[in-house]
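Notes follow once the structure below has been shown.
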Amino acid sequence: MAVASPATWAAVALCLISTAYAVEETVMDTRTATAELGWISFPANGWEEVSGYDENLNTIRTYQVCNVFEPSQNNWLLTTYVDRRAAQRVYVEIRFTVRDCASIPSVLGSCKETFNLYYLESDHSLSEGRGVEYWTTAPFLKVDTIAADESFSQVDFGGRLMKVNTEVRSFGPLSRGRGFHLAFQDLGACMSLLAVRVFYKKCPSVVQNFAFFPETLTGAESTSLVIARGSCIASAEELDVPIKLYCNGDGEWMVPIGSCSCKAGYEPDKANVCQACPQGTFKSFQGAGLCQQCPPNSLSTAEAATLCGCRNGYYRGDVDKPEDTCTSVPSAPRNLVSVVNETSVVLEWSPPRDTGHRGDLVYNVLCRRCHSSERRTCQSCEDSVAFSPGRRGLRGDHVEISKLRAHTAYTFDVQAINGVSNKSPYPAQQLSINITTNQAAPSLVPIMHQVSSTSRSFSLSWPPPEQPNGIILDYEIRFYDKLSAGVNSSVVQSGGPGAVLEGLRPGTGYLVQVRARTVAGYGAFSKEMLFHTLTDDEYKSELGQQLSLIAGSLVCGVVIVSLVAIAIICTRRRQLKESVYGDKLQQYTTGGEANLRPDQFSGEAPTVTFPTMSDGHSSPGVKIYIDPFTYEDPNEAVHEFAKEIDPNCVKIEEVLGAGEFGEVYKGRLKLVGKKEFPVAIKTLKAGYSERQRRDFLSEASIMGQFDQPNIIRLEGVVTKSRPTMIITEFMENGALDSFLRRNDGTFPVIQLVGMLRGIASGMRYLAEMSYVHRDLAARNILVNSNLVCKVSDFGLSRYLEEDTSDPTYTSSLGGKIPVRWTAPEAIAYRKFTSASDVWSYGIVTWEVMSYGERPYWDMSNQDVINAIEQDFRLPAPMDCPLVLHQLMLDCWQKDRNARPKFPDLVSMLDKMIRNPASLKTGGSTVPAGPSPHALLDRGAPDLSSVSSVEDWLSALKMTQYRDSFVGSGINSLSLITQLTTEDLQRLGVSLAGHQKKILTSVQSMRDHIDDQSPTESL
């Protein structure tokens, strides 16, 4: 891709930075018109185009109408065609004046002080060749009814005193044509249109974070976020994520995702331009750093250098950084001496005079075995030769070499190397020494065998060492009780390859080692082997069997005695072999068993630790929640309950939405020693106050105290750098209410009950910690990919203290409360307890069973409060089991002490899950009481006033299928009554819940038609 020169980019950057505010692109403006506008007016005696003056006495073209003395006015004014220029949402700024109806004497008609604004999309102008009759029936879409903030009524000799109103409206999405016509409808006002300006918004071109973002149109909705991909400026490259900005509905750029940075060899300047490093400097990495001077013993001869080359005789090691000094190889070690001890040798030396100016000096020791007669015929030592602490990479100045051959000549070379020795074309400097070994000690005894065993002793034998290295003088046997772990071991001597160990305890395991001795001294001990003595009972039983056999054999003759003796010997050998402590097992059981715990041989039952319940419930010892606002410094609470995370471990991927304090992102977290995993990231927007930061982090201080599978898990916080972040586990399916609405009718009742059980389990945990949620609602329950529901959003205290425009948290009684989910005592007296959370849980249950329906539908908050005070309770949702609605009613008891506790609710739901037959659909159990009739009928749509297919779909809240029905020719209610499941699938109604809702309504319509038909004659 071709890129502009740095000078060009600098000019572009300065220009774009100075215009980084939202851009309004005007597509029509009557303020600049001097000739006739030529708009269509009908009827002819309606709107009239006249020339006039604005409040600044500028000449303008206006339209006015004032037929207030005539009844039934319907005057239309149609603008010329407006090209929308690919905009999906446009804005209309209207400047107008309106006469106060009360100031007009003798008004005979129906006087108005408002007018209507409409629009009609089209690919081209529709005004040509169209009569007035067409426009009176054209399918205009209404934008709004425009009312004046100020109207005029006084008149002086100079004319009317104008009070100009300015109103701005927007509409969209626009997608059915290249442009549109605007229409103004007057129904009997005395008014003037002074000016009409049509414009759309776009985010301006901008260079940010060394990336260029083109001019971008806003989205179709005021809340839309339009992604703009960025491209790096010259000499800059992308970092780890794609570069993008989000253009919001106001034409403003939001926080960028990803960024570019200057390449290696280039440094940033203040004008968002990457400059090449001059000669004698370098920059080895991509990023925001500046060029550095070349380190000692190095130089760069060209611009944009990423590395300074080392001078002759100097090098950089494999792990050296580009900014490190170039260094040289070390000289040879000095003063090498040796001490020979039989077949071992200790070498010692002094460091080299020149270490190469490095701190990573190590030594290698090379071993060669030579013929004593001529040292030139040497070969590398055997692999069996041992070096302590090692033969390569030694940091110390000595080494012990053992397991050499006796009476053999060796040559040892000690090399000094450092981190650049492998870069030099010359071999490493070394110092050599020649030695000859003496007599060697014997090698290891390979194995031991148990010959026999009693309750107080056992007999052992072993073969001699494979390399005795001389005459074996004697053996030393060391043994100890296995349970003593080597404490108080005993030692005995033996003149030959066998010994009897006596004075032992019955039924006990002993670990035994043996070593041989020559004139050169003792060899090393063999590996530990485990042998057991017999118990007293085993030993007596064995002796008894032997004596019985001997007694029986005396009855027979000498020949028989001989045979019996042979049988006794064979029997005894077989019994010992088959015993749990038999010879064969003992002989080949090595010291590996010495690592077994003593309790494995003690005969005692092992201790079993049972895990806690799967939902994390544990009655005793539950800790109590600590309010972070009780800390004198709330930051202490954050540091105590939340883990600080290095921001370099956090990777932001995409915007999920906007929260109260800033944006919410999906990202990934890579902690040391763990795999990368997805997380949700809440950020604190720039320009925050200290109180906002405290309130933002208080939610982390609260979440950090909870550890339960049905409570959202806090991963940690970022407070020591910007932006400040709260990082939680990522819940793939989002909020429960919207998730249910997306999957209306797709889950069996038992699965919904399982989700409710998870929520109740989480609330039980919070209640045990003495924490009151105060905002339990389906919108604050998150759902992961396994449909596990987790309680979230622990920040309602902010709503109770600060102002908010969210109607969910507004009460006409004063204060900020989620009225539809809140218990009456909490609304009236601000009395929040676990019992008020139980009331909210009942509302959540209703939301779940109605698949995300809004509680109390479109009633106002005050109407909800009045209805509850009059003992009205929500009816059962469609297909809701009777036991679940009864559970809701229990939660909605007026007396909070009569409501169930969360442990009771978990128990009830567990019983339902274990007994699915109890979840059969039942009727509503709404208690009697004064309640609006319309409320009680909310369970099913009112079809009495339906006159068209569109009305019917609207009543069912299924307007998303309107185009499918109309496009398939289903345009009458009579055709609706003939629909089947197969018809609905062809129409695109794939959700089982939607199909059931529509077919239930179809059956109701059939029943209604049957009730209205005349009775057939007999």
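Just so we're aligned: the sequence shown equals residues 1 to 1018 in UniProt numbering.
For every residue, glycine included, the Cβ atom is placed at its ideal position computed from N, Cα and C.
Own chain residues within Cβ distance below 7 Å of residue i, not counting five before or after
i: L504; result: R456, S457, Y510, T533
i: T1000; result: none
i: G258; result: E238, L239, V241, P242, I243, K244
i: R779; result: A735, D737
i: Q600; result: Since pLDDT at Q600 reaches only 33, below the 50 mark, its modelled position is unreliable, and the value read off the structure follows with that caveat. If we look at Q600 and ignore the five residues flanking it on each side, it has no Cβ neighbours.
Span separating the alpha-carbon of residue i from that of residue j
i: C308; j: S328; result: 16 Å
i: A386; j: G393; result: 15 Å
i: E768; j: L884; result: 24 Å
i: K957; j: M888; result: 25 Å
i: Q862; j: E215; result: 46 Å
i: K403; j: F525; result: 15 Å
i: N635; j: R693; result: 10 Å
i: V1002; j: D963; result: 19 Å
i: E49; j: T80; result: 14 Å
i: N67; j: T223; result: 40 Å
i: D474; j: G498; result: 10 Å
i: N733; j: V679; result: 13 Å
i: A485; j: Q379; result: 44 Å
i: V337; j: T454; result: 56 Å
i: E323; j: E640; result: 39 Å
i: S968; j: E93; result: 40 Å
Closest Cα partner of residue i within the set the options
i: R741; options: V848, A835, L671, A680; result: V848
i: P295; options: G289, Y315, E303, T454; result: Y315
i: S990; options: G179, T746, A288; result: T746
i: K894; options: L882, C880, R873; result: R873
i: L776; options: M763, L57, F739, M859; result: M763
i: Y363; options: H407, T377, D413; result: D413
i: L736; options: V791, F706, G359; result: V791
i: residue 1024; options: F531, I477, A520, S484; result: With the chain covering only 1 through 1018, there is no way to say anything about residue 1024.
i: residue 1032; options: T32, N915, C310; result: No answer is possible for residue 1032: the residues shown for the chain start at 1 and end at 1018.
i: I681; options: K670, K666, G496, Y246; result: K666
i: N74; options: I104, C190, R986; result: C190
i: Q208; options: V772, I447, K270; result: K270
i: E348; options: D320, D324, P389; result: P389
i: S834; options: K651, Y771, H449; result: Y771
i: Y856; options: D744, W821, Q886, Y841; result: W821
i: L217; options: S490, C247, A516, D793; result: C247
i: K201; options: S235, G249, A236; result: G249
Minimum Cβ-Cβ distance from residue i to chain D less than 9 Å
i: V491; result: The structure shown contains no chain D; it holds only a single protein chain.
Cβ-based neighbour list, residue i, same chain, cut-off 8 Å, excluding 5 preceding and 5 following
i: S721; result: P647
i: E869; result: P824
i: E382; result: R369
i: T981; result: Q995, L999
Cβ distance (whole Å) where residue i is taken to contact residue j below 8 Å
i: V198; j: V27; result: 5 Å
i: Y63; j: L77; result: 6 Å
i: N272; j: F213; result: Going by Cβ atoms, the distance from N272 to F213 rounds to 12 Å, so no, they are not a contact pair.
i: G251; j: V23; result: 6 Å
i: residue 1019; j: V717; result: This structure cannot speak to residue 1019, because the chain is shown only from 1 to 1018.
i: L756; j: L909; result: 6 Å
i: C291; j: W253; result: At roughly 30 Å, the Cβ-Cβ gap does not stay under 8 Å, so C291 and W253 are not in contact.
i: F180; j: L120; result: 6 Å
Cβ-heavy atom distance, residue i to the ligand MG, below 8 Å
i: N45; result: With respect to small molecules bound, the structure shown includes none, and the ligand MG cannot be examined in it.
Beta-carbon contacts of residue i that lie in its chain and below 6 Å, excluding the five residues immediately before and after
i: R31; result: A195
i: G521; result: A441
- prompt: Contact between the stretch 165 to 173 and the stretch 77 to 89: three or more CB pairs below 8 Å?
  reply: yes
task: Kindly confirm or deny that the stretch 409 to 421 and the stretch 324 to 339 touch, where touching means at least three C-beta pairs closer than 8 Å.
output: yes
Segment contact, 8 Å Cβ cut-off, at least three pairs: the stretch 113 to 122 with the stretch 228 to 247: no
message: Pairs of beta-carbons, one from the stretch 842 to 856 and one from the stretch 866 to 881, closer than 8 Å: are there three or more?
response: yes
- prompt: Does the stretch 270 to 284 touch the stretch 45 to 61, meaning 3 or more C-beta pairs lie closer than 8 Å?
  reply: no
message: Pairs of beta-carbons, one from the stretch 334 to 348 and one from the stretch 435 to 455, closer than 8 Å: are there three or more?
response: yes
message: Three Cβ pairs or more, each shorter than 8 Å: is that satisfied between the stretch 687 to 703 and the stretch 750 to 759?
response: no
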